[in-house]
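Before any comments, here is the structure.
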Amino acid sequence: MDLITINVRGTVFMTDASNIRNILLTSPLLNLNEQSKYYNAERQEYFFDRNASVFESVLDYFVTNKLHVPTTVCAGRVRDELAFWGIPGKHIEKCCWKTFFQSTEDMNTIQQLLKYIPCVQRRDRCCSWTSIPKLTQASSLRSRMWKFLHDFNSSTSAKVFHALVCLTIILSTVLLLLQTVSAVRFDNPEPATFENHTSKALRMYWNTTPHLSIICLEAITNAFLTIDWILRFITCPNRMFFMKHFLNVTDLVAWVGTWMSFSVITEPNAFFSHDHTMAIVMPVCLLTAIRGFRVFRLISNNCGVKILMLAVVTSTRELCILLMTFSCAAIVFAVLLYSAQLPCDSPTSPPNALFAIWWAVITMTTVGYGDYYPTEPLGHVIGVVCAITGIVLIALPVAVTSSTFNDFYSFSKYRACYQELLDQDDKCGNEQKTRISTELVPPR
Numbered sequence: 001m002d003l004i005t006i007n008v009r010g011t012v013f014m015t016d017a018s019n020i021r022n023i024l025l026t027s028p029l030l031n032l033n034e035q036s037k038y039y040n041a042e043r044q045e046y047f048f049d050r051n052a053s054v055f056e057s058v059l060d061y062f063v064t065n066k067l068h069v070p071t072t073v074c075a076g077r078v079r080d081e082l083a084f085w086g087i088p089g090k091h092i093e094k095c096c097w098k099t100f101f102q103s104t105e106d107m108n109t110i111q112q113l114l115k116y117i118p119c120v121q122r123r124d125r126c127c128s129w130t131s132i133p134k135l136t137q138a139s140s141l142r143s144r145m146w147k148f149l150h151d152f153n154s155s156t157s158a159k160v161f162h163a164l165v166c167l168t169i170i171l172s173t174v175l176l177l178l179q180t181v182s183a184v185r186f187d188n189p190e191p192a193t194f195e196n197h198t199s200k201a202l203r204m205y206w207n208t209t210p211h212l213s214i215i216c217l218e219a220i221t222n223a224f225l226t227i228d229w230i231l232r233f234i235t236c237p238n239r240m241f242f243m244k245h246f247l248n249v250t251d252l253v254a255w256v257g258t259w260m261s262f263s264v265i266t267e268p269n270a271f272f273s274h275d276h277t278m279a280i281v282m283p284v285c286l287l288t289a290i291r292g293f294r295v296f297r298l299i300s301n302n303c304g305v306k307i308l309m310l311a312v313v314t315s316t317r318e319l320c321i322l323l324m325t326f327s328c329a330a331i332v333f334a335v336l337l338y339s340a341q342l343p344c345d346s347p348t349s350p351p352n353a354l355f356a357i358w359w360a361v362i363t364m365t366t367v368g369y370g371d372y373y374p375t376e377p378l379g380h381v382i383g384v385v386c387a388i389t390g391i392v393l394i395a396l397p398v399a400v401t402s403s404t405f406n407d408f409y410s411f412s413k414y415r416a417c418y419q420e421l422l423d424q425d426d427k428c429g430n431e432q433k434t435r436i437s438t439e440l441v442p443p444r
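In UniProt numbering, the protein residues as written are 1 to 444.
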């Protein structure tokens, strides 16, 4: 028996040299002789400044040919140690898979979270004014204005302005909803000629106008939000990035559409007397309806909403699987129901397979509008199986998405704790710089 002594960071191991096998050619254990750089001639041992707990598992692998991962060491550190000792990760036993690979999955989750919500000092996502060494007076004013408009945590006045913007958005949304209520609309003194439409809602918009107070408030709120958007666009250092942001684009379309709708309200005859009235008015109505997207500005800075969106984006693969399996099942049940209802001449039976797909989707989502439903016994059985299948298909991917959200939410708490440490270090650093600069100022 050829015993060798290996000292791993103070922990001494003795083993038979013949046990060392099944390792990569890059392993330092392949050339354990007196010429090795790890050999200590004075103590007649090999010294390695590595993790002793992992090396104990390495020696167990040499003896038993089974590699188990210690739970007291971070899996990332274990991976590095195995790479140093030349042990392929494929030899890890199945009982240790969760311990070893769970950390990799957790690290991927953390990296995705930090990429979406970086853990740094509070700075604008699309602003890099602080990276410019020397700012002109105009650029400095732009940077301060951008910080005031974009980062509501920068000052008390910025918080007040942000609250005012939120209240304006809420008021604008409420006014948009009130305009659809007939009680707050009054007959148009000069109604225009109405096209051949039977819709009562269209007739209401055609023959009535909103109350004057609503129109005035609408103009004030839209003017405020227009000025806010223009100022943010002018002061933004990266205007291309600004225009790529979904909320900025919808805000632009919203206030442009609102001003166009004012033209329709103030000069109705100029639009309604046109030969193609609907072709002109309907696009204006659609542009005005985009104002509803402004409410997303109220929650755009909320960390929980960002995590929710990140969880949905990360679960795209599961959601695509849900869509494909759901579509296949809907087609199958639609064809089965249509075939089962063929002998029955009922007005509630789907007239064709396309309407049967509509019935299958509504049944699988457990909505059940009741416009179409089976009347034959076989159709009832198909309906029951269709509903149960829909519940199962939806529940499984949603559970995965929920688990992903829980992981992101848990790591976001850790990120917040780490952010507090960074903020404390920054605060201490700023206080130290202030103290040093004060000490360096010569007395007068």
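Ideal Cβ positions, reconstructed from N, Cα and C, are used throughout, including at glycine.
Asked	Found
Beta-carbon proximity check, TRP255 vs ASN207, cutoff 8 Å	no
SER182 versus HIS211 - alpha carbon distance	10 Å
CA nearest to the CA of GLU34, picked from THR288, LYS94 and GLU45	GLU45
For GLU45, the first and last residue of its enclosing alpha helix (DSSP H)	Premise fails: GLU45 lies in the beta strand (DSSP E), 45-48, not in any alpha helix (DSSP H).
Option nearest ASN302 by Cα separation, candidates PHE100, PHE62, PHE84 and ASN153	ASN153
For ARG9, the three-state DSSP class (helix, strand or coil)	coil
Residue from TRP97, PRO237 and VAL361 whose Cα sits closest to the Cα of GLY370	VAL361
Same chain, Cβ closer than 7 Å to VAL284, five either side skipped, listed in chain order	GLY257, MET260, SER261 and VAL264
TRP359 classed as buried or exposed, judged by whether at least 16 other C-beta atoms fall within 10 angstroms	buried
Rounded C-alpha distance that separates ASN51 from GLU93	20 Å
Candidates LEU421, GLU420 and PHE405: closest to ILE110 by CA position	PHE405
Rounded separation between GLU42 and SER57 - CA only	27 Å
Member of SER213, ILE230 and PHE293 whose CA lies at the smallest distance from the CA of PHE246	PHE293
Extent of the continuous alpha helix (DSSP H) run through ARG294	ARG294 -> no alpha helix (DSSP H), and no H or E assigned at all.
CA-to-CA distance, VAL312 to ILE6, given in whole angstroms	51 Å
C-alpha gap between PRO237 and PHE148, whole angstroms	14 Å
8 Å Cβ cutoff met for GLU376 and ALA353	no
Cα-Cα separation, PHE55 to ILE299	50 Å
Run of the alpha helix (DSSP H) containing ASP151, from where it starts to where it stops	Premise fails: ASP151 is in no alpha helix (DSSP H) and is neither H nor E.
Closer than 7 Å: SER172 CB and nearest the ligand FAD heavy atom	Judged by which ligands are present, the structure shown has none, so any question about the ligand FAD falls away.
Beta bridge counterpart(s) of THR15 as assigned by DSSP	ILE4
Residue environment, SER403, which counts as buried when at least 16 other CB atoms sit within 10 Å	exposed
Under 8 Å between C-beta atoms of ASN31 and PHE62	no
DSSP state of TYR61 mapped onto helix, strand, coil	helix
Beta-carbon gap between LEU225 and SER172 smaller than 8 Å	yes
Nearest residue (CA-CA) to PHE84, options THR99, ASP49 and THR71	ASP49
Buried versus exposed, by CB contacts within 10 Å (16 or more), THR11	exposed
Straight-line gap, ARG142 to PHE241 (C-alpha atoms, nearest Å)	17 Å
Reference TRP146; option with closest CA among ASP228, CYS95, ALA330 and MET204	ASP228
Residue from ALA356, THR348 and MET324 whose Cα sits closest to the Cα of TYR338	ALA356
Residue range of the unbroken alpha helix (DSSP H) whose run includes ASP228	212-235
Where GLN383 falls, given that 16 or more other Cβ within 10 Å makes a residue buried	The residue you asked about is not Gln; residue 383 is Gly in the sequence shown. So GLY383 ends up on the buried side.
Assigned exposure category for MET364 - 16 Cβ within 10 Å defines buried	buried
Whole-angstrom distance between LEU319 and ALA395, CA atom to CA atom	11 Å
Same chain, Cβ closer than 7 Å to ALA163, neighbours up to 5 away in sequence not counted	none
Beta-carbon gap between ILE343 and TYR372 smaller than 8 Å	Inspection of the sequence shows that residue 343 is occupied by Pro rather than by Ile. No.
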